[in-house]
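Below is one structure; the comments refer to it alone.
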Amino acid sequence: MVLRILLVLSCLLGFPGLPAPAAAQPAAKVLRVLAWPGYADPEVLQGFTQKTGARVELTVVGSDEAMRQRLLANKGRDFDVFALNTAELQQYIDQGMALPIELQRIPNTRRQLTRFRELSSIPGLSRRREGQLQVFAVPYTFSEMGLIYDRRQVTAPPASLQELWDPRWKGKVLAYAGGTHNFSLAALALGQSQPFRIEDSRWPAAVDKLVALRRNVLGFYSLPEESVQLFLRHRVALMYANYGMQQVHLLKAAGADVGYVIPREGALAWLDCWAISAATQQVELAHAWINFMLEEPASSLLVTRQGLANTVSESVSSAPQVTLRWLEPVEDEQRREQLWSRIQSGDRPSKVLQR
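Taking mature numbering (1 follows the signal peptide of the UniProt record, and there is no 0), I'd label the letters of the sequence shown as residues -24 to -1, 1 to 331.
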């Protein structure tokens, strides 16, 4: 009994000659990241851990809907930082789920191209509150929705979106299956200045335009891999590239001889950014993540491995003369999808708007 008491006292007091209790090791910091495939490859995660000592828990999603489910399930408390496009960002700002960015903590924004440093000029990134401009996300990667063409069939690069409706290519055109984007495409092709806000008087013209597109195309695709398979199998001449250079990258890898252009009307484009969860307990680490993602190798891997564009180096669509329309929330997403479903089912223009 006496020996047992001495042993306990030795552990507590650290008597000489007896082993001291092991010192408690501080738990490694963890950064929880929600992103799209290819945005943070293993070597990128490893590099961040080596630089900061923090472990990254990466969750990957494949659709905006899946991201919404993840973020809204627990009011963003399950993640510290997440990647999303400017249109999707709006709902998280409105619900107080996105933290204003402290740009002084992200010095690598100086590496970005000028158009991506002028944050106030990019719709959806900032809000003015109490006389101050607050920024809620930092641009990371983007893709414009241009035109891909088979060089063997289309000898001159298509200059206009109207080529998608050209009878010369009837049955040899591929287009995207999403109704929301397609109504914006129709509005852009019709010369409307606000493709994300279709006025009541302009719905009939937009419907007519998409019915005409349905009659001219071979079909519609949803995923980039699907578009490549259809393009090759059916010797497609022209494709509306919802995924932009990512599809070009895949087609060239499959041996296709294709060209890619931004039409004179400009192009719709999505801009994915890094945002910080308002519920995070790792504010400093979240800013460090965004800063790190603007360095090598993350930025270059977006181009070389994913076929996407980054915000720190020039690309086809970062040229000053190219007009990009960054996606914005539309006037009525549900209405667009319902009308598009009727158009795809084969309804005549006069019937689409009657129901």
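No residue lacks a Cβ here, since even glycine has one placed at the ideal position from N, Cα and C.
Please report the straight-line C-alpha distance between residue i and residue j, rounded to a whole angstrom.
i, j, result
"S326", "A232", "40 Å"
"R81", "L189", "48 Å"
"V212", "V130", "10 Å"
"V279", "S198", "22 Å"
"V32", "L7", "5 Å"
"Q138", "R240", "10 Å"
"A135", "G242", "10 Å"
"P171", "L214", "22 Å"
"I174", "V20", "41 Å"
"L227", "V234", "7 Å"
"L284", "E290", "12 Å"
"E272", "R178", "46 Å"
"G155", "E94", "31 Å"
"E313", "K146", "24 Å"
"D56", "G29", "16 Å"
"L277", "L186", "36 Å"
"Q282", "P99", "25 Å"
"P133", "S275", "29 Å"
"V204", "E106", "49 Å"
"I69", "S321", "36 Å"
"E201", "S160", "23 Å"
"D323", "Q66", "34 Å"
"A(-2)", "L303", "Confidence at A(-2) is low in this model, with a pLDDT of 48, below 50, so the placement of that residue should be treated as unreliable; the coordinate-derived value is given next. Near 53 Å, if we compare the C-alpha coordinates of L303 and A(-2)."
"A162", "P143", "17 Å"
"S169", "G14", "33 Å"
"R191", "G220", "23 Å"
"Q22", "Q222", "25 Å"
"V183", "D17", "41 Å"
"F24", "S96", "29 Å"
"R86", "Q108", "22 Å"
Between residue i and the rest of its own chain, which residues show a CB-CB distance below 7 Å, the 5 nearest in sequence each way excluded?
i, result
"G72", "A254"
"Q110", "P76, S102, R103"
"A153", "F196, Y197, S198"
"L208", "A230, A232"
"residue 334", "No answer is possible for residue 334: the residues shown for the chain start at -24 and end at 331."
"Q258", "K5, L7, D56"
"K27", "F268"
"H210", "L194"
"W141", "A188, L189, N192"
"L300", "E120, G242, A243, A245, S293"
Kindly indicate which three-state DSSP category residue i falls into: helix, strand or coil?
i, result
"W302", "strand"
"S253", "strand"
"T117", "strand"
"W246", "strand"
"E33", "strand"
"N50", "coil"
"T280", "helix"
"Q45", "helix"
"G38", "coil"
"P(-6)", "Unreliable placement is indicated for P(-6), whose pLDDT of 48 sits below 50; the coordinate value is still reported in the next sentence. P(-6): coil per DSSP, three-state reduction."
"L101", "coil"
"L7", "strand"
"Q258", "coil"
"Q110", "strand"
"L21", "helix"
"A274", "helix"
"N286", "strand"
"G329", "With the sequence shown as reference, residue 329 is identified as Leu, and Gly is not the correct amino acid for it. Looking at L329 - three-state DSSP - the assignment turns out to be coil, as it is neither helix nor strand."
"S294", "Note on S294: pLDDT 48, under 50, position unreliable in the model; the coordinate value appears next. Correct three-state label for S294: helix."
"V234", "strand"
Excluding the five sequence neighbours on either side, which residues of its own chain have a C-beta within less than 6 Å of the C-beta of residue i, listed in chain order?
i, result
"Y236", "G122, I124, V224"
"R318", "V328"
"P115", "F92, L247, C249, T287"
"I266", "I82, V114, W250"
"N218", "M121, Y152"
"D40", "E64"
"Q88", "T287, V288"
Taking residue i and residue j to be in contact with their CB atoms under 8 Å, please state how far apart those CB atoms are, rounded to whole angstroms.
i, j, result
"F118", "L247", "4 Å"
"V328", "L315", "6 Å"
"V193", "L166", "No, V193 and L166 are not in contact; Cβ-Cβ is about 18 Å, not under 8 Å."
"N84", "L270", "4 Å"
"L261", "K5", "6 Å"
"D54", "R44", "Actually they do not touch by this definition, with Cβ atoms about 13 Å apart."
Skipping 5 residues on each side, what residues in its chain have a beta carbon closer than 8 Å to that of residue i?
i, result
"H263", "I77, E78, R81, I82, I252"
"A11", "L34, T35, V36, V37, F58, A59"
"V298", "E120, I238, G242, A243, V292"
"R127", "D233, V234, G235"
"P180", "P325, L329"
Determine, using beta carbons only, whether residue i comes closer than 8 Å to chain C.
i, result
"T280", "Looking at the structure shown, chain C is missing, and only one protein chain is on hand."
Can you tell me whether residue i sits near the ligand GDP, meaning its C-beta is under 7 Å from at least one heavy atom of the ligand?
i, result
"Q314", "In terms of ligand content, the structure shown is empty, and the ligand GDP therefore cannot be addressed."
_Report the start-end ranges of each alpha helix (DSSP H) in the segment 56 to 97 that is 4 residues or longer and not cut off at the edges._
You should have 62 to 70, 90 to 93.
*Fully enclosed by the segment 123 to 207, which alpha helix (DSSP H) runs are 4 residues long or longer?*
Those alpha helix (DSSP H) runs which fall completely within the segment 123 to 207 and span 4+ residues are 155 to 165, 179 to 192.
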